[in-house]
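Asker: Residue 1 is where the sequence shown starts when you use UniProt numbering, and the numbers rise one by one after that. Dropping the structure in here first, questions after.
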Amino acid sequence: MPIGLSLILAAAPAAAAELPPAAAAEIGRLLDRLGDSDCRFNRNGSWHSAADARQHLGKKLDYLRGKGMLASTEDFIAKAGTGSSVSGKPYQVQCGTQAPRPSADWLRGQLRGLRAPAVPTAEIGPSGSGAK
Numbered sequence: 001m002p003i004g005l006s007l008i009l010a011a012a013p014a015a016a017a018e019l020p021p022a023a024a025a026e027i028g029r030l031l032d033r034l035g036d037s038d039c040r041f042n043r044n045g046s047w048h049s050a051a052d053a054r055q056h057l058g059k060k061l062d063y064l065r066g067k068g069m070l071a072s073t074e075d076f077i078a079k080a081g082t083g084s085s086v087s088g089k090p091y092q093v094q095c096g097t098q099a100p101r102p103s104a105d106w107l108r109g110q111l112r113g114l115r116a117p118a119v120p121t122a123e124i125g126p127s128g129s130g131a132k
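Here's what the structure looks like:
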């Protein structure tokens, strides 16, 4: 290969990674859980509603996807859900009367819940004993 061509290829940016459809769907469900929660979200010292937090993280998702910077849901949590990319301050989530906690912890907990296998319910007979 001619030296000039190899220099051009070496300088070319790597192709942006495409977020796998399964990860995109999982992130969508994670954001829905946040938006539908009774939690509030602290960003840069101000508290916001869960719906506002969902919208904000959705914008960060769109930006990171456009830059090809996400390959998994864990990438999304690490790059978008942990803190402000401008101030560097960590995000916090507070649900109900619980103490505020790092948003990354809350998001990872919700992700575990999404990924947990569904527990089958036993068929309950008329006596409630499980027998038919």
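Yeah, the Cβ is synthetic: ideal placement off N, Cα and C, and Gly gets one too.
With the cut-off set at 8 angstroms, would you say residue 50 and residue 43 are in Cβ contact?
Answerer: No, the pair does not count as a contact, with Cβ atoms beyond the cut-off.
Asker: Which word fits residue 113, buried or exposed, when buried means at least 16 other C-beta atoms lie within 10 angstroms of its C-beta?
Answerer: Residue 113 is exposed by the Cβ-count criterion.
Asker: Label residue 17 either buried or exposed according to how many other C-beta atoms from any shown protein chain fall within 10 Å of its C-beta, with 16 as the threshold for buried.
Answerer: So residue 17 ends up on the exposed side.
Asker: Report the rounded CA-to-CA distance for residue 81 versus residue 38, giving the unit in angstroms.
Answerer: Each residue's alpha carbon lies about 18 angstroms from the other.
Asker: Secondary structure at residue 21, three-state DSSP: helix, strand or coil?
Answerer: Residue 21: helix per DSSP, three-state reduction.
Asker: Could you give the DSSP three-state label for residue 49: helix, strand or coil?
Answerer: Strand at residue 49.
Asker: Residue range of the alpha helix (DSSP H) that residue 94 falls in?
Answerer: Element bounds for residue 94: not the alpha helix (DSSP H) but the beta strand (DSSP E), 92-95.
Asker: What are the start and end residues of the alpha helix (DSSP H) that includes residue 104?
Answerer: From DSSP, the alpha helix (DSSP H) with residue 104 extends over 103-115.
Asker: So what does DSSP say about residue 81, is it helix, strand or coil?
Answerer: Coil, per DSSP.
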